Structures are given as structure tokens and as C-alpha cells.
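J.: Structure provided below as C-alpha cells; questions to follow.
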């Protein structure tokens, strides 16, 4: 291994390899749940360096854990405890490579943050619509590896739908150049879709070409109290019928969210005298002027019977609504450790999910405190369960609570990971809920592309039962 | 083989197996270019029957050629000349399985036509936006297998982007049920994207779940003369800046198209006294009323300096414009046999492509008659070359003309198949223009999923050099 590390240092130059204290921040995940140990942290500057280091790893039989902004919620970017894996950080590959406004595309390196891509698009009067709570620090590569979602998926799609081309370093260090900026390309199997969402287990994404969109000039935002989740779904369809498919965000917020915000984020002014049982944060966007769009939204809400909706009368109002929505994760973090779920069901099944999941959880854990919110326009809810224990030891109840929640999800033909991915957190759950055939197909693909199993081993799917020292961090 | 056929007949029942004259229509492609021979035509009624017949084929070592509406332009659905392949038609699996309006999804069997799906969506006040010249006869399975595009891709995407879930019968007859109707689902490798666009070489698609969209109440359509392709691209971006991303179609039409329409489709009234060198057919759609939208489009066109645009003042006007656009392929067919290309380049490179490709083709074939038109909003042009010879014998010049056209495409980082797929027509071109690594990855996947190579053999990609009797139809 000394040979390996000195070869690696020679390859990557000064600042290219971190060990000891300098590497500590990369080895603990952002939930502070998984603590890894690594041979070192490698920080390549170019695709060529990634290719060379992957070849070096292949020669020495070293496994690789790729890491972007280290914002995974599932332990997907943390090495195991063996100390034999190499963590590869893309933070020095953070260039915006090209903006082609006439083609409505942008090309960025894997280590560019989502916020950087948004900003470069905005400078060309275009929109890059990916946006979520961590998008200031999330990087392109990690966001693609987990097919991240966020608050604009309803109109613009997930990272997958925003992507036209990829460059990927394969397990043997060869570079696949699929950096095509084309809207239509039917030339055989679509390789990019294999790597997107594969969490670095099939190849290391080094660059991507994304679609851009017209920058909407006008936005209108409202907080709308609804009788319940079924009324929220009906409101979404009513708004779409009235004003077309320009509803860009449609977020459900439950009363517990307002209570947590009031207690743990008191610096944020509350919009309601009494928090409503259920409410929706709606945003629509369009060309034209804010005032005309706001009038259209307000009129549609009145026509649909929501006269008491709180409409944002200024960008400041809208920002205040969004600050509340985006602070729900932080308010939860301040409350303590919870059992988190990131589920999706058909949108039509959202009301059934909320009713049945609460019943199931309360039947097993009568004192459970359930915090539900999220992207109901995508059928995606964050469904978090607090118990009396507010520390990491609460995770001993995670399997039992998961069984209750995911049982309802499975019954409703939903998914146990909507936008956070699998990592190690949900790997065994995935193996439980997906069909043996589906798992077999995934293993076939993994084996075809990474026969030695050296790319982010034991994340997403295990090739064989765990066998001692190289087990994944959980 | 007699055993095989009698087992097959027993499995599929009366009308389930066609041979002799009854099978003739399935064995000639719609361009009348590829004539296949088959053991028989199998017409399963259910997924279970597909699974059983695939198992039967596996037991007898019989290869399978799946066929939808037989509208392939690339020979993708025609068996080879060996007489040893089984053609599987999905025409009896044509049910709309479910419409879930609150989830905005529709589930259909592989043999349902695109028009059937459109109609079922409309009945639920929703839009299924896939639409192209052959969509009345194109079937779901074939459209997915080729990731078909069409005239609404600019706003809604290709078949791939419209698809949420699939059911697929694998090479060994097992059934993968991936019929999930979810907008977000990040649970390991996204298997559906492997099968979409694979032209039946990795599995047989039997059912799909599609997204639906709000049915736009208002449409506005215009024919706009432009100075040239660069002005067309600028007009697209100008319209999007003025009225947002609700431009749903943006079709470029060259003068030769109008001349062919005048000569070969004289029943269609021509909108111009003198055909313009270049013009664009624009359609925008929205909620609200036609009149308001039309005014918005007309105002935007005036603001952008296109005062003389022909705006459709009634649905009849709009239909007449579209009838002309959709009849270009028919006018070409009546003119004779041409060398067809379905290319895409970055939208910003469309002007360079048209200039350089014409130069290249005319340098080798000074008398060439070039007909160019298509979905310029997607960077996708149909680029067809007529020579003096109007019969199938003109195809002897196809390799030389392809080399000229695809050379320009490759230089501009484009693709030789935008929306028609590869089939047999472009298989060897694909092998020429894609990198050896990309081809190797495709072969790895093919071998992993269809190790015996019995699913649509020699379409898209050849596993090994041709070896006599089982070669593909060309």
C-alpha cells in the first residue's frame, strides 16, 4: 500500500492526496451516522487523472468510493470501516466547461455545485431547474449518481430528465465519452441512463451535458390551506386545468412541520395564527410579468374555492414562504434524531398512504411523532418518525418502523427511495422489497460493468453475502 | 420445427399462429425495402402467452423478431431471409389497461396504437403527447423499442421521457414487472431505460405506464417565413423568451418540400403564392382560450419582426398547415425512392449542418435533389437525397451518400439516428461512427441479457461477424 500511495501522490501532485486529519471531513457523512476509514482521499483535477487513478487502483486491487458534496442521506458516499478503500473527491473538478445558449445546454464537471450550474445558466438568461435544500453544496456528480430530485421535478423532472450526455470513467480506467448535447439520439442502448442513479457503482461520472430552459420572468407563490391530502391532490389537478402545466412546485406541509418550525426555527416568522392541519406551498412560473401571473393564480384559487389562500405579494413574501419550507429538515435536525423515509407512491395514493402509514406506525409505536411533508406533486413524501429517544440509539427501532412504513408503500405500489437513493441505508430494504428477478438483473449489470466489484462496493446492492473486514459501514 | 409449430399452435389457439399468405403482410417492411421469411407469425393475447412462447423458443433454439405496427423505417421489425426466425406480433395485445387521472398516468399493452392511447387520455381530459405521421398505426411496444419522437418532443420529450414503467418478457421467458407509475423512483439501476430504445434486442416489452399531461384548451399555430436556418433557431429562442416554454412544435420546412407537395399532393391547398426558401411551422398550446393565445403568438411574432407570418385563424387553418407538414413524407414517396437520413445535431449547429451537408452531397453528386425538413426545435432533421434513379437500385449509392452526410454529422457531434432507431439499415453505420468502447459496452449488455442472442438478432448491433444463413435481411 505504501507503493500505491506514493504512486498516487506522484500522479495527483501537491494537495492531490489527503490523509490523517486533513481527510477527516470526508469520512463522516452529513447525518453523522456513518464513520468511514479510508486509505486516503484522492482529489483529481481532470478526467485524465481520474482515469489514471482508477487504473492504479485496478493494478493494486483497491476499491473506490466516489464523493461529491458529501450530502448523501443514505451513507452512499462514505467508505467502509476497513481502511482499505480510496475515497475520490471531485471537488477540484468544478469547472463550467461550456454554455451553448442556442442549443439550451450547459456542460459541467462532476465537482461543480448545482448552485454553480444554476448561476452559469442564469448568466446566459437560461434556467437550470434542479433545486433542493442542499443544492448550494451538492455536486453535479453526486446529484447524477443519486438521480436527485427536489422542488421543481413536477414541471422539469429529476436530474435524469435534465441530462443529455455524460462522460464516465469505467472500472478499468477507460473513459466513455458520451458528452452529446442532443435532444434526440437513438443509437443503440442508452448508456447514460445506466450510470445515472447507479451511485457510482458502475462508473465514475466526470462531466455532464444538461438541458437548459427559458428563464421564467414571472413567479407567483401561495400558501393554501387544504382540508387534507385528497384535497391537495384535487387542488393540483384543478390548478393545472385552470392555468396549464406551469405549476412548478407543489409542496405539502403538515401541522407538525409548523410546530417544529415555531419551536426550533423561531427566527422565521409564522404565516398562520394557528397552524393548519394541512397546507400546500404552490409556485407557478411563466414568461411575462409577476403581477399578471399572481392575478391569474389568485383568480384560479378563488374559482377553486380557496379564497383564504395566502398569496405572496412580493418576492420577499415568496422567499419567506420558501425559507419555512426549506427549513423543515433543519428544524427536525434540531429536534433530534429521527427515522427518515423518502417514499413515493402514485399521486392518487397519497391520501391512502398517509392514513395507513400513520395507523401502522401508531399501532406499533403509540407515542410516535410523525413529521410528513414533501413533493406531493411527484407523489413523494418525506416521512419521518421521532420516538422518545432523540439519539442515534433510536436506530435500533429503525427496522421495525421501516417494516411498517414500507409495508404500506409496497401495498400501494410505491417506492422506498424517491430521490435520496439507496446507499447503505436502504440496501437491505431494497433486497427485501424488490423482486428476486429485478435484483438478479441489477447484479448482472453490475458484474458486466465492474466485474471485480471495486466501484463503491456494497452500496445499492451486495454481490454476495458480507464476509468480514470489507463490509459496508452499517 | 414441426414439433415447435404444433406446440406454438396449441399454446396460442385459433388465429394465434399465421403462416403462408396470411403472414405475408408482416414480412415486408413499410418502405418495401426488406423482405423477410419467417417460421410463422405468432400473435399472443396476454403477457403469459408471450412468456410461454419465449420459453418455447428457448427450448427449440428459435430466434424472435418482435413487431408492432410494422412502421419501422430501418428494417427493425422484419425477420431475416433464413426462414428460421419467429415473428411475434403484438396486435392482439391492444388493451388500455388503466387510466389514473389523479396520478396522471395511463397503462397500455404493447399492441395498443399510439392513437388509442391518445384517445383514452383525451376521454379522461388528459393529454398523451406522443404524435407523429404514423401514430395511428404505430404501436406502444414498437414506439418504445425505438424511443420514437415526433412533433411534440420539444415540449414533452420522446417516448422515453413519457414512460414511467414497463413490463418486459426476458430472453428466458421470465417476466420483469416494472409497471410502477411513479415520478420519482431511485431504487438501483433504472432497468426500464435499458429496454426503451433497444429495439427488442434485450427483451420484449408487453405493457407500459405513461405520464399524462393537462389537456391544453388553447392552441395557436403559424407558418413563419424565415431568412434561413439560423433565423429559425433565433426565432425559437425569441418565442420562448416572449411566451415561455409552451412552444410545443417547431418544424422547419425547405422550399423543395413545398414544391414536392404542389406536384405530388395537389389536393392540399398551398399557403404561399411563391414558396419561401425556408419557413417554420410553430405551434404553442396553453390553458385558456384560443383567441387570447393566438393574440399572444401574433404579438410576439410582430415584436420579433415577423409581421408577415401566416397565423391560423381557425382550427381548420391549423389542420391545413399540419396536413401539409405531415404529407411531406407521402409527397416524397410519390416522387420515388430516396436515400433517407434522420439526423440530429446540437440545435445551434443546424445552420452549419445544412450548409456543409449540401456542399458535401453536391460535391459527390452534383445533380442531387435534397429535401430537408423536420423538428428543428430538437435539432432533428429529416434529410433525404433523391438522385436520377427513382427505384430501389438507387440504394447502391447509399453508402457513399451516407459517408458524406454522416461525416458532417460526426464533425458537428451529432447522431445518425435521432428518432427512427438503427434496425438493420444503420447497424453498420453505427459500428463505424460510435467508439469501439461504446460498442463494447453495448455488446456487454446484450450478452448479459440475451446470452444466446435470440432476441431480434443482428438488429442494432452484431455480436460477431455475419456467418451465412442467419445474416440480417440486408
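Chains as they are written, first to last, in UniProt numbering: chain S, 1 to 474; chain D, 1 to 474. Cβ atoms here follow ideal geometry from the backbone N, Cα and C, with glycine treated the same way. Quick caveat, the model's predicted, so the values are computed rather than measured.
#1: Confirm, please, whether the CB-CB distance from residue 79 of chain S to residue 36 of chain S is below 8 Å.
#2: Within a Cβ cutoff of 7 Å, which residues of the same chain sit near residue 352 of chain D, ignoring the five residues on either side of it in sequence?
#3: Take the Cβ of residue 1 of chain S as the centre, count every other Cβ of all protein chains shown within 10 Å, and call the residue buried at 16 or more, exposed below.
#4: Between residue 317 of chain D and residue 219 of chain D, which are expected to be in contact by the criterion C-beta below 8 Å, what is the C-beta distance as a whole number of angstroms?
#5: Contact check, residue 223 of chain D vs residue 281 of chain D under 8 Å by CB: the rounded distance?
#6: Under DSSP, the beta strand (DSSP E) around residue 373 of chain D begins and ends at which residues?
#7: Could you check whether the segment 257-271 of chain S touches the segment 185-195 of chain S, counting it as contact only if at least three pairs of C-beta atoms, one from each stretch, sit closer than 8 Å?
#8: Mind checking residue 325 of chain D: buried by the 16 CB within 10 Å criterion, or exposed?
#9: Leaving out the 5 sequence neighbours to the left and right, which residues in its chain are closer than 6 Å to residue 420 of chain D when beta-carbon positions are compared?
#10: Comparing alpha-carbon positions, which option in S:19, S:60 and S:444 lies nearest residue 42 of chain S?
#11: With DSSP run on the structure shown, which of helix, strand or coil describes residue 204 of chain D?
#12: Does DSSP put residue 48 of chain D in a helix, a strand or coil?
#13: Check whether the Cβ atoms of residue 54 of chain D and residue 169 of chain D sit closer than 8 Å, and answer yes or no.
#14: Could you check if residue 305 of chain D is buried or exposed, using at least 16 other CB atoms within 10 Å of its CB as the buried criterion?
#15: Can you tell me whether DSSP reads residue 23 of chain S as helix, strand or coil?
#16: Quick check: the segment 126-136 of chain D against the segment 361-376 of chain S, are at least 3 beta-carbon pairs closer than 8 Å?
#17: Just reading off the alpha helix (DSSP H) that residue 432 of chain D is part of, what are its end residues?
#18: Using only CA atoms, which one of S:354, S:315 and S:385 lies nearest to residue 335 of chain S?
#19: For residue 106 of chain D, which residues in chain S fall below 8 Å Cβ to Cβ?
#20: So what's residue 9 of chain D in DSSP terms, helix, strand or just coil?
#21: Leaving out five residues before and five after residue 362 of chain D in sequence, what residues of the same chain have Cβ atoms less than 7 Å from its Cβ?
#22: Taking the Cβ atom as the reference point for each residue, do residue 216 of chain S and residue 287 of chain S lie within a distance shorter than 8 Å?
#23: Is DSSP giving residue 409 of chain S helix, strand or coil here?
#24: Under the assumption that residue 278 of chain S contacts residue 252 of chain S (Cβ atoms under 8 Å), give the Cβ distance between them as a whole number of angstroms.
#25: Just to confirm the assignment, what range does the alpha helix (DSSP H) spanning residue 327 of chain S have?
#26: According to DSSP, residue 403 of chain D sits in a beta bridge with which residue or residues?
#27: Looking only at DSSP bridge pairs, what is residue 40 of chain S linked to?
#28: Can you find a C-beta in chain S that's less than 8 Å from the C-beta of residue 329 of chain D?
#29: Residue 193 of chain S touches chain D at which residues, Cβ-Cβ below 7 Å?
#30: Using a Cβ cut-off of 9 Å, pull out every chain S residue sitting near residue 420 of chain D, in sequence order please.
#31: For residue 15 of chain S, which residues from the same chain have a beta carbon less than 6 Å from its beta carbon, with the 5 sequence-adjacent residues on both sides left out?
#32: Is the Cβ-Cβ distance between residue 63 of chain D and residue 403 of chain D less than 8 Å?
#33: With DSSP as the reference, label residue 218 of chain D as helix, strand or coil.
#34: Rounded to whole angstroms, what's the CA-CA distance from residue 172 of chain D to residue 202 of chain D? Just pull it up for me.
#35: Taking Cβ positions, are residue 430 of chain S and residue 188 of chain D nearer each other than 8 Å?
#36: Alpha carbon to alpha carbon, how far is residue 274 of chain D from residue 225 of chain D?
T.: Concretely, from the data shown:
#1: Cβ distance < 8 Å, so residue 36 of chain S and residue 79 of chain S count as in contact.
#2: 412.
#3: Looking at its Cβ environment, which holds fewer than 16 other Cβ atoms inside 10 Å, residue 1 of chain S is exposed.
#4: Distance from residue 317 of chain D to residue 219 of chain D at the Cβ level is roughly 11 Å; contact not present, criterion being Cβ atoms closer than 8 Å.
#5: The pair is a contact, with the Cβ atoms about 6 Å apart (cut-off 8 Å).
#6: If you look at residue 373 of chain D, you'll find it in the beta strand (DSSP E) that goes 369-375.
#7: Touching, no.
#8: Result: buried.
#9: Correct list, in chain order: 73, 74 and 342.
#10: Looking from the CA of residue 42 of chain S, the closest CA among S:19, S:60 and S:444 belongs to S:19.
#11: Secondary structure at residue 204 of chain D: strand, using DSSP grouped into helix, strand and coil.
#12: Residue state, collapsed to three classes: helix.
#13: Cβ distance < 8 Å, so residue 54 of chain D and residue 169 of chain D count as in contact.
#14: So residue 305 of chain D counts as exposed.
#15: DSSP, read as helix, strand or coil, puts residue 23 of chain S in helix.
#16: Touching, no, given that fewer than three Cβ pairs across the two stretches are closer than 8 Å.
#17: Annotation: the continuous alpha helix (DSSP H) that includes residue 432 of chain D extends over 427-433.
#18: Residue nearest to residue 335 of chain S within the set S:354, S:315 and S:385 is S:385 (criterion: CA-CA distance).
#19: None at all; the shortest Cβ gap to chain S is about 12 Å.
#20: It is helical.
#21: For residue 362 of chain D, same chain residues with a beta-carbon under 7 Å away, outside a window of 5 residues either side, are 368 in chain order.
#22: Result yes, Cβ atoms of residue 216 of chain S and residue 287 of chain S sit closer than 8 Å.
#23: Residue 409 of chain S falls in the helix class under three-state DSSP.
#24: Cβ atoms of residue 278 of chain S and residue 252 of chain S come within 8 Å of each other, at about 7 Å.
#25: It spans 315-335 - the alpha helix (DSSP H) in which residue 327 of chain S sits, taken as one unbroken run.
#26: In the DSSP output, where bridge partners are listed per residue, residue 403 of chain D has none listed.
#27: According to the DSSP secondary-structure assignment, residue 40 of chain S is paired through a beta bridge with S:86.
#28: For residue 329 of chain D, the answer is no, since every Cβ of chain S falls outside 8 Å of its Cβ.
#29: Per Cβ cutoff of 7 Å: 190 and 193.
#30: The contacting residues are 186.
#31: Excluding sequence neighbours, residue 15 of chain S sits near nothing in its chain.
#32: At the C-beta level, residue 63 of chain D and residue 403 of chain D stay beyond 8 Å of one another.
#33: In the displayed model, residue 218 of chain D falls within a strand according to three-state DSSP.
#34: Between residue 172 of chain D and residue 202 of chain D, the C-alpha separation is close to 11 Å.
#35: Inclusion of residue 430 of chain S and residue 188 of chain D in the CB contact set at 8 Å is warranted, their separation being smaller than that value.
#36: For residue 274 of chain D and residue 225 of chain D, the distance between alpha carbons rounds to 11 Å.
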